[in-house]
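Colleague: All residue numbers for the sequence shown refer to UniProt numbering, where the first residue is 1 and numbers rise by one. What follows is a single structure, and I will ask about it in a moment.
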Amino acid sequence: TPGFLMLSRYEKSALFFYNENDGQLGILSLVASDPDLQAQVVAAQGDFGFRLFSELLGEETGNVALSPFGLFLPLAVTCAGACGETQKSMALALGLGGLGLREVQEGHAALLRNLHEEDPGVLLHRACALWVRQGLPVREEFLSESRKGYGAEVRVLDINHPGALEVVNGWVREHTKGAIEQILERIDPETLVIVTSAVFFQGTWTVAFDREKTRPGPFFLPGGGTKTCPFMTRSGVYRYLKGEDFQAVAIPYGREERFSMYLFLPDPDVDLEDFIRSLSWERWEAWMQRFREREGTVSLPRFRLAYGAKELRDVLKRLGMGPALTPGANFCNLLEGEAYISSVVHRAFVEVREEGTEAAAASAVVVSRGMGETFTMVVNRPFFFAIRDDRTGALLFLGGVFDPEDVI
Numbered sequence: 001t002p003g004f005l006m007l008s009r010y011e012k013s014a015l016f017f018y019n020e021n022d023g024q025l026g027i028l029s030l031v032a033s034d035p036d037l038q039a040q041v042v043a044a045q046g047d048f049g050f051r052l053f054s055e056l057l058g059e060e061t062g063n064v065a066l067s068p069f070g071l072f073l074p075l076a077v078t079c080a081g082a083c084g085e086t087q088k089s090m091a092l093a094l095g096l097g098g099l100g101l102r103e104v105q106e107g108h109a110a111l112l113r114n115l116h117e118e119d120p121g122v123l124l125h126r127a128c129a130l131w132v133r134q135g136l137p138v139r140e141e142f143l144s145e146s147r148k149g150y151g152a153e154v155r156v157l158d159i160n161h162p163g164a165l166e167v168v169n170g171w172v173r174e175h176t177k178g179a180i181e182q183i184l185e186r187i188d189p190e191t192l193v194i195v196t197s198a199v200f201f202q203g204t205w206t207v208a209f210d211r212e213k214t215r216p217g218p219f220f221l222p223g224g225g226t227k228t229c230p231f232m233t234r235s236g237v238y239r240y241l242k243g244e245d246f247q248a249v250a251i252p253y254g255r256e257e258r259f260s261m262y263l264f265l266p267d268p269d270v271d272l273e274d275f276i277r278s279l280s281w282e283r284w285e286a287w288m289q290r291f292r293e294r295e296g297t298v299s300l301p302r303f304r305l306a307y308g309a310k311e312l313r314d315v316l317k318r319l320g321m322g323p324a325l326t327p328g329a330n331f332c333n334l335l336e337g338e339a340y341i342s343s344v345v346h347r348a349f350v351e352v353r354e355e356g357t358e359a360a361a362a363s364a365v366v367v368s369r370g371m372g373e374t375f376t377m378v379v380n381r382p383f384f385f386a387i388r389d390d391r392t393g394a395l396l397f398l399g400g401v402f403d404p405e406d407v408i
């Protein structure tokens with residue numbers, strides 16, 4: 001007999017069956033609740049971000065920055081349009097594991113609802129858009145799920161119009177408050193669909209650094225040289241962690257202290273690249289549980305970091321996404337006919353001052369045819385940082401600063 005049963009002691013939704021002959025009650029399946037799915041999506045984003053960041057270090061000689069949250073979004077949308085081995089390779093590369101696409105969409109929708117809650121002193125804006133080639137028959141179910149699960153707006157684009165490129169770049173400019181001028185340099189005539197995402201974060205420190213206390217000081221570069229930078233200094237109570245080969249501090253934003261910048265300073269004999277390559281989501285989460293309030297002093301260089309636009313196809317291939325990035329890919333849930341991902345571009349910007357932080361990121365996926373003792377933490381050598389939503393655990397931005405190139 002079909003029916004529905006709710007048991008208050010179960011922490012997850014469940015589907016039951018009842019046998020009228022013997023009165024036996026059984027469980028057919030357990031369905032993860034929104035908080036469970038949200039946590040799994042956040043973990044996938046973080047895991048993907050750390051793996052991608054490590055790969056980018058091998059290609060760069062300077063500063064690196066990316067938004068795991070911002071880049072994961074358009075790739076997850078595109079993954080929902082894939083089929084077969086193409087979809088499997090994308091899901092594995094994104095760290096989705098055994099999650100089904102519907103579960104990913106529900107988990108991401110729950111995360112977006114959570115992030116929408118306001119925190120005085122913090123502005124977090126995100127946007128996603130699907131640019132569909134004019135006249136292209138895209139499957140309506142794909143468009144509907146993209147709107148529902150990822151908050152994507154669907155726009156028809158005349159690819160061949162001279163102003164098409166400016167329309168897409170103008171959208172990016174608008175949703176990053178001008179921090180990122182453009183994401184694409186050109187639009188190929190064979191382009192079928194473009195998925196763009198934008199993230200803009202503006203947060204004032206819960207307790208600002210006193211500009212009167214900012215002083216010039218040496219920053220020790222990886223090659224052995226030094227650079228004079230303006231160092232902001234503040235004493236107070238922070239969440240702090242002393243690891244085996246690093247020290248770390250969390251500096252909160254806003255009145256609610258929901259968002260924080262995490263600064264990781266490896267010991268002088270530890271290479272920043274080696275430290276970053278050792279990061280994993282499991283290790284990160286374990287560290288988050290070990291932060292404790294302590295009184296101390298933090299000195300941090302004022303800096304601006306601009307990264308990109310970076311073509312990520314080769315890096316994503318190394319992460320296992322190759323089948324989606326080559327002709328012959330299968331995107332049958334998106335449209336009929338041949339299509340593959342011809343370009344994945346990411347750009348990020350982070351600026352840190354006495355008053356707070358401004359950060360922005362934009363991504364485009366193009367689918368084409370075919371409290372103990374006090375501490376002192378002087379961040380005067382290469383360091384790693386992350387901007388994190390402490391309520392959901394979502395990693396909004398990651399960065400590695402080897403040289404504060406743009407002193408402000």
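We put the beta carbon where it would ideally sit given N, CA and C, even for glycine. Note that the structure is a prediction, hence the values are computed from the model and not measured.
Under the rule that 16 or more other beta-carbon atoms within 10 Å means buried, what is residue 25, buried or exposed?
Modeller: On the sequence shown, residue 25 is found 25 positions in, with the first residue counted as 1. Confidence is the limiting factor: at residue 25 the pLDDT is only 48, short of 50, which leaves the residue's position unreliable, though a coordinate-based value still follows. Exposed, because fewer than 16 other Cβ atoms sit within 10 Å of the Cβ of residue 25.
Colleague: Rounded to whole angstroms, what is the Cα-Cα separation between residue 391 and residue 259?
Modeller: Within the sequence shown, the letter at position 391 stands for residue 391. Within the sequence shown, the letter at position 259 stands for residue 259. Taking the straight line from one Cα to the other gives about 8 Å.
Colleague: Determine the direct distance from the alpha carbon of residue 67 to that of residue 75, and round the result to whole angstroms.
Modeller: By one-based count along the sequence shown, residue 75 stands at place 75. By one-based count along the sequence shown, residue 67 stands at place 67. Cα to Cα, residue 75 sits roughly 13 Å from residue 67.
Colleague: Mapping DSSP to helix, strand and coil, what is residue 117?
Modeller: As a working note, residue 117 is residue 117 in the sequence shown. Coil.
Colleague: Compare the C-alpha of residue 97 against each of 330, 128, 141, 48 and name the closest.
Modeller: Walking along the sequence shown from the start, residue 97 turns up at place 97. Closest by alpha carbon: 48.
Colleague: Residue 81 to residue 339, Cα distance in whole Å?
Modeller: What you label residue 81 is simply residue 81 of the sequence shown in a count that begins at 1. What you label residue 339 is simply residue 339 of the sequence shown in a count that begins at 1. In a straight line, the C-alpha of residue 81 is about 11 Å away from that of residue 339.
Colleague: Mapping the DSSP letters down to three states, classify residue 99 as helix, strand or coil.
Modeller: Taking the sequence shown and counting its residues from 1, one reaches residue 99 at position 99. Three-state result, residue 99: coil.
Colleague: When the Cα atoms are used, what is the spatial distance from residue 41 to residue 212?
Modeller: Taking the first residue of the sequence shown as position 1, residue 41 is located at position 41. Taking the first residue of the sequence shown as position 1, residue 212 is located at position 212. Taking the straight line joining both Cα atoms gives about 43 Å.
Colleague: Would you be able to state if there are at least three C-beta pairs under 8 Å between the region 43-61 and the region 84-97?
Modeller: The region 84-97 is in contact with the region 43-61.
Colleague: Flag residue 101 as yes if its beta-carbon sits less than 9 Å from any beta-carbon of chain C, otherwise no.
Modeller: The structure shown contains no chain C; it holds only a single protein chain.
Colleague: Only counting runs of 4 or more residues, tell me where the alpha helix (DSSP H) segments fall wholly within the region 330-398, in order along the chain.
Modeller: Here no run is fully enclosed.
Colleague: Can you look up residue 177 in the DSSP assignment and give me helix, strand or coil?
Modeller: Locating residue 177 in the sequence shown gives position 177, counting from the first residue. Three-state DSSP puts residue 177 in coil, outside helix and strand.
Colleague: Measure from the alpha carbon of residue 142 to the alpha carbon of each residue in 238, 262, 175, 154, then state which is nearest.
Modeller: Along the sequence shown, one-based indexing puts residue 142 at 142. Answer by Cα proximity: 154.
Colleague: Could you tell me the boundaries of the beta strand (DSSP E) in which residue 88 lies?
Modeller: Position 88 of the sequence shown, counted from the first residue, corresponds to residue 88. Not the beta strand (DSSP E): residue 88 falls in the alpha helix (DSSP H), residues 84-93.
Colleague: In whole angstroms, what is the alpha-carbon distance linking residue 257 and residue 291?
Modeller: Within the sequence shown, residue 257 is the residue found at index 257, counting from 1. Within the sequence shown, residue 291 is the residue found at index 291, counting from 1. Between residue 257 and residue 291, the C-alpha separation is close to 15 Å.
Colleague: Going along the chain, which unbroken runs of the alpha helix (DSSP H) with 4 or more residues stay wholly within the region 276-318?
Modeller: Taking only runs of at least 4 residues, the alpha helix (DSSP H) segments lying wholly in the region 276-318 are 281-288, 313-316.
Colleague: Nearest to residue 274 by alpha carbon, out of 57, 188, 101?
Modeller: Along the sequence shown, one-based indexing puts residue 274 at 274. Among 57, 188, 101, the Cα nearest to that of residue 274 belongs to 57.
Colleague: Are there 16 or more other CB atoms within 10 angstroms of the CB of residue 328, so buried, or fewer, so exposed?
Modeller: Taking the sequence shown and counting its residues from 1, the one referred to as residue 328 is at position 328. Result: exposed.
Colleague: Buried or exposed, going by whether 16 or more other CB atoms sit within 10 Å of the CB of residue 346?
Modeller: What you label residue 346 is simply residue 346 of the sequence shown in a count that begins at 1. Classification for residue 346: buried.
Colleague: Taking all protein chains shown into account, do 16 or more other C-beta atoms lie within 10 angstroms of the C-beta of residue 31, making it buried, or fewer, making it exposed?
Modeller: Numbered from 1 along the sequence shown, position 31 holds the residue referred to as residue 31. Residue placement at residue 31 is poorly supported in this model, since its pLDDT is 40, which falls under 50; the coordinates are not used for a value here.
Colleague: Considering only residues of the region 114-168, which uninterrupted beta strand (DSSP E) runs meet the minimum length of 3 residues and lie entirely inside it, listed in chain order?
Modeller: Runs found: 122-133, 152-157.
Colleague: State the CB to CB distance for the pair residue 137 and residue 334, rounded to an integer number of angstroms; the pair is presumed to be in contact (CB under 8 Å).
Modeller: What you label residue 137 is simply residue 137 of the sequence shown in a count that begins at 1. What you label residue 334 is simply residue 334 of the sequence shown in a count that begins at 1. No, residue 137 and residue 334 are not in contact; Cβ-Cβ is about 10 Å, not under 8 Å.
Colleague: To which residues of the same chain is residue 318 closer than 8 Å at the C-beta, ignoring the five residues directly before and after it?
Modeller: Here residue 318 refers to the residue found at position 318 when the sequence shown is read from its first residue. Correct list, in chain order: 55.
Colleague: Answer yes or no: do residue 361 and residue 151 have a C-beta to C-beta separation smaller than 9 Å?
Modeller: Locating residue 361 in the sequence shown gives position 361, counting from the first residue. Locating residue 151 in the sequence shown gives position 151, counting from the first residue. No.
Colleague: Look up residue 41 in the DSSP assignment and say whether it is helix, strand or coil.
Modeller: In the sequence shown, counting from the first residue as 1, residue 41 sits at position 41. Three-state result, residue 41: helix.
Colleague: On the CB-based measure, 16 or more other CB atoms within 10 Å of its CB, does residue 208 come out buried or exposed?
Modeller: For the purposes of this step, residue 208 is taken as residue 208 along the sequence shown, with counting starting at 1. With fewer than 16 other Cβ atoms within 10 Å, it is exposed.
Colleague: Skipping 5 residues on each side, what residues in its chain have a beta carbon closer than 8 Å to that of residue 173?
Modeller: By 1-based counting over the sequence shown, the position of residue 173 is 173. Within the same chain, residue 173 has close Cβ partners 180, 181, 182.
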